[in-house]
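In UniProt numbering, the protein residues as written are 1 to 108. By construction, the Cβ of each residue, glycine as well, lies at the ideal position given by its N, Cα and C atoms. Predicted model only: the values in this text are computed from it and were never measured. One structure is given here, and the rest of the page talks about it.
See below:
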């Protein structure tokens, strides 16, 4: 396993590093609303994961083993499962931060 194997995981980590602090900085409370967050993320994640599993199994696309970790779940790299949680979370945090900045009329 080479250094490139973590490329997908590192990209997801950067997305989290750039957006998780928004919850604290703007006191958004998004991460404290676990039930609402789960209801927003999980139904869509399940749908797209099913699509991903089917498309990968059918050979419509694949994940480069040189850029992903070796652990697979249902034929998908672990990072792909994380993608469907991390990216929506990053989007929600960004959206809520923008709403808060607009409400305040300033960045801080």
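Exercise for the section: Would you tell me roughly how many angstroms separate the C-alpha atoms of residue 9 and residue 81, rounded to the nearest one? Expected result: The alpha-carbon separation between residue 9 and residue 81 amounts to approximately 11 Å.
Exercise for the section: With a threshold of 16 other CB atoms inside 10 Å of the CB of residue 93, please say whether the residue is buried or exposed. Expected result: Here residue 93 is buried: its Cβ has 16 or more other Cβ atoms, across all protein chains shown, within 10 Å.
Practice task
Taking residue 37 and residue 86 to be in contact with their CB atoms under 8 Å, please state how far apart those CB atoms are, rounded to whole angstroms.
Solution key: Between residue 37 and residue 86 a beta carbon distance of about 12 Å is seen, past the 8 Å cut, so the two are scored as non-contacting.
Handout entry: Inter-residue spacing [alpha-carbon to alpha-carbon] between residue 66 and residue 75
Key = In a straight line, the C-alpha of residue 66 is about 15 Å away from that of residue 75.
Practice task
Check whether the Cβ atoms of residue 45 and residue 84 lie closer than 8 Å to each other.
Solution key: Remark: C-beta atoms of residue 45 and residue 84 approach each other more closely than 8 Å.
Problem - Nearest-angstrom beta carbon gap, residue 78 and residue 41 [assumed within contact, 8 Å] - result: A Cβ-Cβ distance of about 17 Å is found for the pair residue 41 and residue 78, leaving them out of contact under the 8 Å criterion.
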